[in-house]
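A.B. asks:
In my numbering, the protein residues as written are 2 to 381.
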């Protein structure tokens, strides 16, 4: 899939968000050491919702210390659930990947926020099981639901692994094995996503490559996503292609898909992938948040859809989910950290904190909310 124009890093606007350049021996995917220290200070002070959300996270991570990994042997296969699994060994591959990726994320977060190496050791155990068991491939040769199931889950494992950077259990030898495994997966995704990418999956492909590039320490893969003079199928060109000048999903980009341009849930899910790529880029000194061309950009698209998540515009729920309660809408928590817009704040209040991303980031009210306070609520 290519864009109508060649867009490169030279088109980026001057930076207006704070960017950081991560080092290989410290976290640098979705959280930096400075941000981790700020979250710690909120927890130590008993500020809400940080304190309550962290307490729930700590309980989950402590329970995970008694669990065993459930890796896939061989090649990942997408299979829909049939009936009920007797035990975890019977779980379909996507469910196993989701279970263990989320456990690694939780363990990594708790280690980063406490320094307790038992959590880093357990994260290493889980990641090691997957690296030694699952074939390092991107196992898709055609579009389908498996692409999103894989791409929207594995980055959570990469995120948790990134958070244990600098810990004693993450030895140089182990780090090299993980880097090779993740880098191979990203390389296959780069080579094959041209034939499998659709309007709904290309953002996930870019997110998988970007997150794997941090684990593999491969700047060239990050450059592939940000954009370069040799590659058109990048963040900027895809954002330009998928959203029109009003910020809404371009109906032409939706043609042929079962989703149409006014499907708000699909639009916000697509946008989430681009925000998450921009968040990784921010930690590596590149500002994709404020890139725009001809009115197209993240801020304009998030602004265009915000009224659906404030109750200002009413639209029936899609697929049985009531509008305004969809987990993907917690992208506004991250957007508000970057742009403290009133409309984004209203969307957050309408959704009801604390937010929880069901794909990759988990407790965003803990990790990506640095302004103000607020009451805690029951975790999803």
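Don't be surprised by glycine CBs; every beta carbon is placed ideally from N, CA and C.
Assign residue 30 to one of three DSSP states: helix, strand, or coil.
C.D. replies: coil
A.B. asks: Would a C-beta distance cut-off of 7 Å place residue 303 and residue 336 closer than the cut-off?
C.D. replies: yes
A.B. asks: Are the beta-carbon atoms belonging to residue 217 and residue 167 less than 7 Å from one another?
C.D. replies: no
A.B. asks: Return helix, strand or coil for residue 287, following the three-state DSSP convention.
C.D. replies: coil
A.B. asks: Going by the CB atoms, is the gap between residue 51 and residue 41 shorter than 7 Å?
C.D. replies: no
A.B. asks: Quick check: the Cα distance between residue 79 and residue 95, rounded to an integer number of angstroms?
C.D. replies: 6 Å
A.B. asks: In chain order, what are the residue ranges of uninterrupted alpha helix (DSSP H) at least 4 long that sit wholly in the region 67 to 137?
C.D. replies: 94 to 115 and 118 to 134
A.B. asks: In angstroms with no decimal places, state the Cα-to-Cα distance between residue 32 and residue 368.
C.D. replies: 8 Å
A.B. asks: Determine whether the beta carbon atoms of residue 210 and residue 187 lie at a separation below 7 Å.
C.D. replies: yes
A.B. asks: For my contact list, residue 37 and residue 114 are in at a C-beta cut-off of 8 Å; report their separation, rounded to the angstrom.
C.D. replies: 7 Å
A.B. asks: Which of helix, strand or coil does DSSP assign to residue 152?
C.D. replies: helix
A.B. asks: Note down the Cα distance separating residue 204 from residue 282, rounded to an integer number of angstroms.
C.D. replies: 14 Å
A.B. asks: Can you tell me whether DSSP reads residue 295 as helix, strand or coil?
C.D. replies: coil
A.B. asks: Answer with buried or exposed for residue 312, where buried requires no fewer than 16 other C-beta atoms within 10 angstroms of its C-beta.
C.D. replies: exposed
A.B. asks: Exposed or buried, residue 192, counting other C-beta atoms within 10 Å across all chains shown (16 or more means buried)?
C.D. replies: exposed
A.B. asks: How many angstroms separate the CA atom of residue 179 from the CA atom of residue 139?
C.D. replies: 15 Å
A.B. asks: Which of helix, strand or coil does DSSP assign to residue 329?
C.D. replies: helix
A.B. asks: Taking the alpha-carbon positions, what's the residue 362 to residue 295 distance?
C.D. replies: So the alpha carbons of these two residues sit roughly 31 Å apart.
A.B. asks: Hey, how far is the Cα of residue 152 from the Cα of residue 201?
C.D. replies: 12 Å
A.B. asks: Only counting runs of 4 or more residues, tell me where the alpha helix (DSSP H) segments fall wholly within the region 154 to 232, in order along the chain.
C.D. replies: 155 to 164, 173 to 197, 203 to 217 and 220 to 227
A.B. asks: Considering only residues of the same chain and omitting the five flanking positions on each side of residue 366, which have a CB-CB separation below 6 Å?
C.D. replies: For residue 366, where only same-chain residues beyond five positions count, the Cβ hits under 6 Å are 50, 54, 354, 355 and 356.
A.B. asks: Bridge partners of residue 55, per DSSP?
C.D. replies: Answer by DSSP bridge pairing: none, since residue 55 is not bridged.
A.B. asks: Please report the straight-line C-alpha distance between residue 181 and residue 347, rounded to a whole angstrom.
C.D. replies: 43 Å
A.B. asks: Taking the alpha carbon of residue 132 as the point to measure from, which residue in 75, 170, 164 and 222 has its own alpha carbon closest?
C.D. replies: 75
A.B. asks: So what does DSSP say about residue 358, is it helix, strand or coil?
C.D. replies: In the displayed model, residue 358 falls within a strand according to three-state DSSP.
A.B. asks: By Cβ distance below 7 Å, which residues in the same chain neighbour residue 190 in space, the five residues on each side in sequence not counted?
C.D. replies: 139, 206, 209 and 210
A.B. asks: Tell me the residue span of the alpha helix (DSSP H) that contains residue 238.
C.D. replies: 236 to 243
A.B. asks: Can you check whether the CB of residue 226 is closer than 7 Å to the CB of residue 273?
C.D. replies: no
A.B. asks: Just the Cα atoms here: how many angstroms apart are residue 275 and residue 39?
C.D. replies: 25 Å
A.B. asks: Roughly how far, in whole angstroms, is the beta-carbon of residue 159 from the beta-carbon of residue 213, given that I think they are within contact range, below 8 Å?
C.D. replies: 6 Å
A.B. asks: Consult DSSP for residue 248 and reduce its assignment to one of helix, strand or coil.
C.D. replies: coil
A.B. asks: Nearest CA to the CA of residue 126: which residue from 28, 67 and 150?
C.D. replies: 67
A.B. asks: May I have the straight-line CA-CA distance separating residue 35 from residue 29, to the nearest angstrom?
C.D. replies: 10 Å
A.B. asks: From the DSSP output, in three-state form, read off residue 363 for me.
C.D. replies: Reduced to three states, the DSSP call for residue 363 is strand.
A.B. asks: Taking the straight line between their C-alpha atoms, what separation do you get for residue 223 and residue 163?
C.D. replies: 15 Å
A.B. asks: Considering only heavy atoms of the ligand ZN, does any lie closer than 6 Å to the CB of residue 247?
C.D. replies: This structure simply doesn't include the ligand ZN, nor any ligand for that matter.
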